[in-house]
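Protein chains in written order, with our numbering: chain U, 1 to 623; chain Y, 624 to 856. All C-beta atoms in this analysis are idealised placements derived from N, C-alpha and C, irrespective of residue type, glycine included. Beneath this line is the structure, given in structure tokens, with notes to follow.
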Amino acid sequence: MRKLALSDEILLKIDKPARYIGGEVNSVMKDNEDVDIRFCMCFPDVYEIGMSHLGIQILYDMLNRLEGVWCERVYSPWMDLDPIMRKERIPLFALESQEPIKSFDFIGITLQYEMCYTNILQVLDLGQIPLHASERSEEDPIIIGGGPCSYNPEPIAEFFDLFYIGEGEKQYENLLKLYRKCRSEGASRSEFLKQAGCLPGIYCPQFYEVTYKEDGTIGDFVPTVPGMPQTILKEIEMDVTNTYYPKKPVVPFIKVTQDRVVLEIQRGCIRGCRFCQAGQLYRPVRERDVEMLKEYAVDMLKNTGHEEISLSSLSSSDYSHLPELIDFLIDECNKKKINISLPSLRIDAFSLDVMSKVQDVRKSSLTFAPEAGTQRLRNVINKGLTEEVILNGAREAFRGGWSRVKLYFMLGLPTETEQDMRGIAELSNEIAKVYYDTVPKEERKGKVQIVTSTSFFIPKPFTPFQWARMCTKEEFIEKAYVVKSAILEQLNQKSIKYNWHEADVSVLEGVLARGDRRVAGVIERAYRKGCMFDSWSEYFHNDRWLDSFAECGVDIDFYTTRERGLDEVFPWDFIDCGVTKDFLKREWKNAHEESVTPNCKMNCQGCGAARFGGGICFEKRDG
Amino acid sequence: MKVRIKFAKCGAMVFIGHLDMMRYFQKAMRRAGIDISYSQGFNPHQIMSFAAPLGVGLCSNGEYMDIQVESATTSEQMRQALNAVMVEGVEVLSVKRLPDDAQNAMASVAAAGYTVRFREGHEPPFDVREAFEAFREKQQILITKKTKKGEKELDIAPSIYEMRLTDDGIYLLVDASSAGNIKPGLVIQALYEQNQTQLGEFDLLITREDTYVAREEDGKVVYLPLDAIGEDI
Ligand code: SF4
Numbered sequence: 001m002r003k004l005a006l007s008d009e010i011l012l013k014i015d016k017p018a019r020y021i022g023g024e025v026n027s028v029m030k031d032n033e034d035v036d037i038r039f040c041m042c043f044p045d046v047y048e049i050g051m052s053h054l055g056i057q058i059l060y061d062m063l064n065r066l067e068g069v070w071c072e073r074v075y076s077p078w079m080d081l082d083p084i085m086r087k088e089r090i091p092l093f094a095l096e097s098q099e100p101i102k103s104f105d106f107i108g109i110t111l112q113y114e115m116c117y118t119n120i121l122q123v124l125d126l127g128q129i130p131l132h133a134s135e136r137s138e139e140d141p142i143i144i145g146g147g148p149c150s151y152n153p154e155p156i157a158e159f160f161d162l163f164y165i166g167e168g169e170k171q172y173e174n175l176l177k178l179y180r181k182c183r184s185e186g187a188s189r190s191e192f193l194k195q196a197g198c199l200p201g202i203y204c205p206q207f208y209e210v211t212y213k214e215d216g217t218i219g220d221f222v223p224t225v226p227g228m229p230q231t232i233l234k235e236i237e238m239d240v241t242n243t244y245y246p247k248k249p250v251v252p253f254i255k256v257t258q259d260r261v262v263l264e265i266q267r268g269c270i271r272g273c274r275f276c277q278a279g280q281l282y283r284p285v286r287e288r289d290v291e292m293l294k295e296y297a298v299d300m301l302k303n304t305g306h307e308e309i310s311l312s313s314l315s316s317s318d319y320s321h322l323p324e325l326i327d328f329l330i331d332e333c334n335k336k337k338i339n340i341s342l343p344s345l346r347i348d349a350f351s352l353d354v355m356s357k358v359q360d361v362r363k364s365s366l367t368f369a370p371e372a373g374t375q376r377l378r379n380v381i382n383k384g385l386t387e388e389v390i391l392n393g394a395r396e397a398f399r400g401g402w403s404r405v406k407l408y409f410m411l412g413l414p415t416e417t418e419q420d421m422r423g424i425a426e427l428s429n430e431i432a433k434v435y436y437d438t439v440p441k442e443e444r445k446g447k448v449q450i451v452t453s454t455s456f457f458i459p460k461p462f463t464p465f466q467w468a469r470m471c472t473k474e475e476f477i478e479k480a481y482v483v484k485s486a487i488l489e490q491l492n493q494k495s496i497k498y499n500w501h502e503a504d505v506s507v508l509e510g511v512l513a514r515g516d517r518r519v520a521g522v523i524e525r526a527y528r529k530g531c532m533f534d535s536w537s538e539y540f541h542n543d544r545w546l547d548s549f550a551e552c553g554v555d556i557d558f559y560t561t562r563e564r565g566l567d568e569v570f571p572w573d574f575i576d577c578g579v580t581k582d583f584l585k586r587e588w589k590n591a592h593e594e595s596v597t598p599n600c601k602m603n604c605q606g607c608g609a610a611r612f613g614g615g616i617c618f619e620k621r622d623g
Numbered sequence: 624m625k626v627r628i629k630f631a632k633c634g635a636m637v638f639i640g641h642l643d644m645m646r647y648f649q650k651a652m653r654r655a656g657i658d659i660s661y662s663q664g665f666n667p668h669q670i671m672s673f674a675a676p677l678g679v680g681l682c683s684n685g686e687y688m689d690i691q692v693e694s695a696t697t698s699e700q701m702r703q704a705l706n707a708v709m710v711e712g713v714e715v716l717s718v719k720r721l722p723d724d725a726q727n728a729m730a731s732v733a734a735a736g737y738t739v740r741f742r743e744g745h746e747p748p749f750d751v752r753e754a755f756e757a758f759r760e761k762q763q764i765l766i767t768k769k770t771k772k773g774e775k776e777l778d779i780a781p782s783i784y785e786m787r788l789t790d791d792g793i794y795l796l797v798d799a800s801s802a803g804n805i806k807p808g809l810v811i812q813a814l815y816e817q818n819q820t821q822l823g824e825f826d827l828l829i830t831r832e833d834t835y836v837a838r839e840e841d842g843k844v845v846y847l848p849l850d851a852i853g854e855d856i
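In structure tokens, the structure reads:
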């Protein structure tokens, strides 16, 4: 029987002790005798969030297939356990072996959103591992980061030994082989890091130096050690069918956010919305073979016992074998009483038909993400969704029995005017009007329920909007107020509920997203002041962050509201995600001209991602 | 067909609460390929009910749940199929077919047997053997129970069916029916109070040994394990 790291007394005192005991279905135990590399995958947030992440499940499965490697998991201890571990000096431990993570060879931290940065420090600190790469000794584990935020790793560079840029399937095996070789040769930590930094896709920040110009922007970014690459090209798995995918994902005991089988049907997105980072980072689109997906669906359901399966991708409607796959799933799942959940479907006749088969229409809601209130602004952001399409989709849906609609918009997009903000209210109103025009009085079950939500636009690296000015908190709040008042003026205002996102946290996310190495000190200081779980509004302390900026002499506006010139060197410019800066510039210009760029299926725009030699870039286009 | 499943739960699994154990078994049924019946409706759920919820922190050698199945192989095959998909700390002990008119598990529970041990370093400050003998002689064991309306005096002596010292602890057979359920900790607390001491929150290690139905035999009440009324398939 495994011995638990936490005493019964502690486990009985805290909320959801199952977060810390491991031993879940399909979790992997190995004999230490057979293992020479210990790897711990970390998602720096609470267990229920971390366990819902597909990427970790893929890498966990992949690494555990390697001989001699044991991959375990660790998550952020929640706020009830955190102080107990500090007080009693209990070192943070991995779930499987329950052994301290400081005794591991590697800790891989996935970086899914900027607001988890303080939790990275929490994990290291509780793990009794020095926070800075420069302070780590031969005994300390190698700390490696990956995931979308590693495409601008600079704000957290000093906390990491390595970053893995790109898709994990490709380079980990080589990295571990190199580690083994270095160890057998008695090479030092620093020697290993030097060699690792030369592997494709691996970035070792301590071997680079940044100089700044007088205006604060970057002058130079240069390797300080011979052989380190000047730019780092992302790693990408071009054959997404014949690669690693977990047939036996770990099944948590407690309910987690994603409590279901997740079937990733494709990577990348053809659409090229100009605000969307994922749409650029994961180019080109690569589809999985439909037969493989069918096989995995069946096996994964069998091996997990989950009662639900969900398709995952940035835009499922664009998957070319979707009807075939869905027919198969409906058939299979009906037999086995399994639910199907279909996120990110475009609302059209096909998807409405499918949705009416897999969900209870009366209880479910339709989701549209127009992102902007007017056609002009939708053209600016390249969101190819017209008012006509939305209203027709809504009309069809109302005929089919739906009466709840969720609408998602962004505020603060480049070139936005008051008309665009009011457009959000007007479009919401139009949809309500369609309901009342379409559904006869006697068939209505009360009012149509429209929930309109706005988030604040945050410019992200590697998007055409990476040059954009971000709004201030006051501007954001003002914009939300404009929308709110406009909604109150609408005829159907009683059918519309309006939600908006917190402005403070958006501003901070904006700094961290486009930050440079000088921001690291602020993150550390905020952590020292007790900031953790910043993405949880109950634990977000804006005052502590503002104090930290002030104490470090770091100016928020430099990173958010400053206008960036087209020739500015960005902190993330040394990373090559496949899409060229020239293409992004072109798109930035197209945005200002309100001109729409066709998607990859219609027409190749020569974004640069074709150099990976596969995917959509080489497929025949109709017409 | 109604089927009663007996299982044991120990080790790290004691930290998994009742609702999560239900979710765990729902998924386990699918992994094991048990041909379980589903309810009708848009969101069909498995027909499954548990006997007596076990508190977090307690081990058990005798937990029960009833399920309904469309078809069954044999008891032994089903037991093995389930055990092949269990995690460390949960073991299926028996699978029995219930008579069609059997009461469901929850309603038929009359008593539960527990072994109570003292955690290392948390032994009572009095001589357990001596105190226990005196305690056993008592006709009335009054405890104060917190209710919604305030505190209430309660005599738990009639709810204690058996009480004896074992090699390393105290065995208790107490009322576990939905109307009169007594927690074993309550009995030990009374023992402590009788010795002018307070029971700490983490002093006890409790194992539920089995869960019982009551039967009258020759005018006497006997307690039989919940799966005694089932048959092998
Ligand atoms: S190269 Fe062309 S087809 Fe390929 S991702 Fe870029 S725009 Fe799309």
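- The beta carbon of U/T257 sits no closer than 8 Å to any beta carbon of chain Y.
- The Cβ-Cβ distance between U/L54 and U/S312 falls below 8 Å.
- Cβ proximity to chain Y below 8 Å picks out H306, E307, K336 and K337 from the stretch 306-337 of chain U.
- Within chain U, the residues whose beta carbon sits less than 8 Å from that of Y/K650 are V25, V251, T304, G305, H306 and E307, listed in sequence order.
- For secondary structure counted as the beta strand (DSSP E) over 3 or more consecutive residues, the stretch 719-751 of chain Y holds these complete runs in sequence order: 734-741.
- Among the CB atoms of chain Y, one or more fall inside 8 Å of the CB of U/R2.
- A distance of 8 Å or more separates the beta carbons of U/Y296 and U/I58.
- Interface residue (Cβ-Cβ distance to chain U less than 8 Å): Y/Y661 is classified as such.
- Within the model, the alpha-carbon separation for Y/E774 versus Y/E746 is close to 28 Å.
- Listed by position along chain U, the residues whose Cβ is nearer than 7 Å to that of Y/Y647 are F253.
- Short note on U/G606: C-beta closer than 7 Å to some heavy atom of the ligand SF4.
- Secondary structure at Y/C682: strand, using DSSP grouped into helix, strand and coil.
- Look at Y/R740: its C-beta is not under 8 Å from any C-beta on chain U.
- Under the Cβ distance rule, U/E9 counts among the residues neighbouring chain Y, one pair being separated by less than 8 Å.
- Fully enclosed alpha helix (DSSP H) runs of no fewer than 4 residues occupy 117-126 of the stretch 102-144 of chain U, in order along the chain.
- The C-beta distance from U/T454 to U/K406 rounds to 12 Å, too long to fall under 8 Å, and the pair is not in contact.
- Residue contact check for U/P100 against chain Y: no CB pair falls below 8 Å.
- Interface annotation, Y/E714: not in contact with chain U, CB-CB separation never under 8 Å.
- Under the three-state reduction of DSSP, U/P226 is assigned to coil, being neither helix nor strand.
- Assigned with DSSP and collapsed to three states, U/V290 falls in helix.
- Counting of Cβ neighbours within 10 angstroms places U/M41 among the buried residues, the total reaching 16 or more.
- Taken in chain order, the members of the stretch 672-692 of chain Y whose beta-carbon sits within less than 8 Å of a beta-carbon on chain U are V679 and G680.
- Between Y/F758 and Y/L814 the beta-carbon gap is near 5 Å, inside 8 Å, which marks them as a contact.
- U/V123 and U/L176 have their C-alpha atoms some 22 Å from each other.
- In the assembly as shown, U/A157 is a buried residue. Its beta-carbon has 16 or more other beta-carbons within 10 Å.
- Interface criterion met: the Cβ of Y/R654 is under 8 Å from a Cβ in chain U.
- The way I'd put it, the stretch 375-390 of chain U doesn't touch the stretch 351-362 of chain U; fewer than three beta-carbon pairs between them come closer than 8 Å.
- In the DSSP annotation of this structure, the continuous segment of the beta strand (DSSP E) that includes U/Y212 starts and ends at Y208 to Y212.
- Within the chosen limit of 7 Å, the ligand SF4 does not reach the beta carbon of U/I236 with any heavy atom.
- Between the stretch 259-266 of chain U and the stretch 593-604 of chain U there are fewer than three C-beta pairs closer than 8 Å, too few to call the two in contact.
- By the Cβ test, the stretch 522-535 of chain U is not in contact with the stretch 559-570 of chain U, since fewer than three Cβ pairs between them sit closer than 8 Å.
- In terms of Cα proximity to Y/L796, the closest of Y/V679, Y/L847, Y/N727 and Y/Q817 is Y/L847.
- Counting along the chain, U/D318 sits inside no beta strand (DSSP E), nor does DSSP assign it H or E at all.
- Contacts between U/D360 and chain Y, judged by CB atoms closer than 9 Å, involve F665 and N666 in chain order.
- Taking C-alpha positions only, U/A5 is separated from U/G22 by approximately 11 Å.
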